[in-house]
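Numbering (UniProt numbering), first residue to last: 1 to 665. Data first, discussion second: the structure below is written as structure tokens.
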């Protein structure tokens with residue numbers, strides 16, 4: 001999610017698809033608040049929840065595969081003079097584009113779209129390469145400067161030559177558009193892109209204002225502040241018994257530790273270390289929330305999330321229904337689950353006090369291995385995928401064999417995991433693999449994104465990426481099929497319970513925790529409209545949201561000690577405001593989709609339908625794409641039913657097994 005290179009028509013949206021978030025860059029065709037193509041910011045998978053699970057296996061970074069970007073992009077290195085020559089040529093192409101098509105879309109729309117797509121694809125190639133290279137070398141200041149320089153070049157192209165296109169397309173007379181459809185049948189191919197662009201029309205500003213905003217953004221907008229925040233976050237170090245550790249190591253040690261005292265110690269180290277970072281985080285979040293408030297007022301968005309919902313192509317009422325269902329039924333299921341986990345940990349680990357540090361604790365039961373080599377992880381994912389779809393299994397192995405995955409957890413590398421679509425050259429996966437069970441799940445997840453990209457590339461650079469509502473379909477489905485395959489192979493009931501509860505951990509983190517993040521954002525943004533907030537204000541709001549979604553201290557969790565500063569590391573708040581609900585949306589949609597798969601007799605027909613959905617990319621909205629499966633997230637009852645069936649179903653299975661094993665009364 002989270003979220004980066006850019007493509008011409010959308011700020012960063014086209015280059016990295018379904019990945020982890022980072023600082024936003026100036027949009028071109030669309031205003032900053034109105035990015036019609038679903039937010040594709042490189043995102044850390046469930047950032048702030050189950051990300052950064054690592055450290056169980058001590059593998060030397062050089063022993064694990066690295067991606068080979070140069071092989072696929074055709075550059076010798078990020079400073080290759082070929083890049084400069086291509087950017088210069090692109091500048092000339094952009095200038096000619098404006099000269100040829102500015103004011104001419106009423107008669108030349110098809111030709112303009114073809115040229116626009118050509119520019120978009122070329123920019124995608126250059127900027128994807130440099131930003132992917134930078135993500136494995138964050139400590140290289142020269143490379144960071146190189147990336148910034150190229151982004152400024154891009155911003156100049158956008159502001160001076162490209163802004164007009166989206167604005168004039170949005171304003172294009174309907175009769176003129178219909179005439180061009182009739183005269184040029186091939187134009188219909190682009191109708192999803194055209195329709196999406198035209199939906200932004202009520203919120204666009206004057207063309208000169210949009211240009212001015214675009215020109216200034218790299219220098220005076222929130223981007224530089226957020227970039228500073230992101231870099232400072234990556235440089236954070238924590239003291240673990242006299243040794244320095246980064247954020248990933250601390251969080252992953254806490255996630256895999258089976259010692260409650262160690263988990264508490266790590267939680268305190270984490271929270272204390274983040275305390276020193278809170279002023280930088282508060283400065284950035286104040287900037288982001290303040291800018292969001294002004295944009296909303298100036299552009300006339302009705303609700304706080306309306307601009308994000310527009311870019312995600314989801315109606316406000318659908319998102320509101322989702323959030324209400326999670327705040328109600330989801331919270332009840334969440335408390336029920338942690339009541340179960342508390343009892344199981346007391347029975348199996350002698351836990352005396354259930355604290356926030358125990359929230360993601362693994363169960364110390366069963367005989368299955370807790371750690372896996374890279375080769376074992378690949379074999380597990382390949383086997384799970386093949387159970388469902390030989391086509392997707394083949395695509396997964398292609399990504400492995402073609403050196404499209406950067407595997408090791410290495411200092412100076414961006415944290416978390418993502419899959420970059422990089423149209424024309426991709427996909428590419430960035431992992432931080434240390435051999436945990438969650439690392440295997442992450443590989444399955446990101447490989448699903450890769451398969452989705454490979455299937456949808458046929459839609460072209462402007463339309464290959466699915467709407468946000470469908471962007472996680474292959475990734476979460478891939479996770480589920482691998483999980484179910486491994487669950488059936490569990491050697492004992494204890495191992496099965498450990499796997500079930502680990503999966504429920506993940507779903508609660510993706511659904512309830514992400515919606516609690518959204519609630520925190522809402523509190524911050526609403527308060528920011530009245531003035532700047534202090535770090536202490538944000539700490540208090542964080543505590544309020546934790547209690548609202550997980551229960552007051554003592555209700556389920558005995559203590560929320562050492563949690564007050566955890567809001568500081570959730571980069572989605574800065575990079576992509578109000579994006580986090582998308583994880584809940586996707587998890588519940590795909591959970592429902594998997595439920596359909598489980599009761600379907602004709603598995604081959606289901607596979608065929610799902611592959612067709614993935615191939616459609618961005619050419620179908622979520623309601624149309626999901627109709628063949630009998631699912632409609634626009635129905636008010638959908639979210640309640642999805643929570644009960646997806647989360648509630650697995651929870652009930654875990655409860656029954658816990659009772660059978662004598663861990664839960």
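We put the beta carbon where it would ideally sit given N, CA and C, even for glycine. Here the structure is a predicted model, which means the values were calculated and not measured.
Asked                                                                                                               : Found
Cα-Cα separation between residue 490 and residue 358, rounded to whole angstroms                                    : 24 Å
The stretch 640-657 in contact with the stretch 586-593 per 3-pair CB rule at 8 Å                                   : yes
Sequence-distant residues of the same chain with beta carbon closer than 7 Å to residue 333, five excluded per side : 643, 647, 648 and 651
Three-state class that DSSP yields for residue 419 in the structure shown                                           : strand
Cα-Cα separation between residue 612 and residue 487, rounded to whole angstroms                                    : 28 Å
For residue 243, the first and last residue of its enclosing beta strand (DSSP E)                                   : 243-245
From 345, 301, 109 and 479, residue whose alpha carbon lies closest to that of residue 186                          : 109
For residue 626 and residue 21, the rounded distance between their alpha carbons                                    : Annotation note: pLDDT 30 at residue 21 (below 50); position unreliable, coordinate value reported separately. One C-alpha to the other measures close to 27 Å.
Residue nearest to residue 390 in terms of C-alpha spacing, selected from 481, 302 and 176                          : 481
Cβ neighbours of residue 300 in the same chain (closer than 8 Å, five flanking residues each side left out)         : 202 and 203
Run of the beta strand (DSSP E) containing residue 432, from where it starts to where it stops                      : 428-433
Reduced DSSP category for residue 238 - H, G, I as helix; E, B as strand; rest coil                                 : strand
6 Å Cβ shell around residue 444 - same chain, five flanking residues per side excluded                              : 381, 478, 479 and 482
Straight-line Cα distance separating residue 608 from residue 100                                                   : 43 Å
Three CB pairs or more closer than 8 Å across the stretch 156-172 and the stretch 430-440                           : no
For residue 141 and residue 393, the rounded distance between their alpha carbons                                   : 39 Å
Those residues which DSSP pairs with residue 406 across a bridge                                                    : 430
Straight-line Cα distance separating residue 387 from residue 566                                                   : 39 Å
Three-state class that DSSP yields for residue 669 in the structure shown                                           : Beyond the ends of the chain as shown, which are 1 and 665, falls residue 669; an answer cannot be given.
Ordered list of alpha helix (DSSP H) runs contained in the stretch 146-210, each at least 4 residues                : 163-171, 174-183 and 191-198
Assigned exposure category for residue 237 - 16 Cβ within 10 Å defines buried                                       : exposed
Beta bridge counterpart(s) of residue 559 as assigned by DSSP                                                       : 355
Among 455, 460 and 485, nearest to residue 473 - alpha-carbon criterion                                             : 455
Rounded separation between residue 34 and residue 311 - CA only                                                     : Here residue 34 scores only 31 on pLDDT, less than 50, and its place in the model should not be relied on; the value that follows carries that caveat. Cα to Cα, residue 34 sits roughly 6 Å from residue 311.
Closer than 8 Å: residue 238 CB and nearest the ligand FAD heavy atom                                               : As for the ligand FAD, it is missing from this structure, which has no ligand bound.
Secondary structure of residue 373, DSSP reduced to three states                                                    : coil
Burial state of residue 317, where buried means 16 or more other Cβ atoms lie within 10 Å                           : exposed
Cβ distance (whole Å) where residue 396 is taken to contact residue 347 below 8 Å                                   : Actually they are not in contact, since the Cβ atoms of residue 396 and residue 347 sit about 38 Å apart, beyond 8 Å.
Buried versus exposed, by CB contacts within 10 Å (16 or more), residue 272                                         : exposed
Supposed contact pair residue 412 and residue 138 - C-beta distance, whole angstroms, cut 8 Å                       : 5 Å
Strand pairing of residue 436, partner residues [DSSP]                                                              : 371
Nearest residue (CA-CA) to residue 251, options 342, 356, 537 and 73                                                : 356
Through-space distance from residue 366 to residue 661, alpha-carbon basis                                          : 12 Å
Start-to-end residues for the alpha helix (DSSP H) that takes in residue 591                                        : 581-599
Three-way DSSP call (helix, strand, coil) for residue 533 in this model                                             : coil
Contact the stretch 421-432 vs the stretch 65-85: 3+ CB pairs below 8 Å                                             : yes
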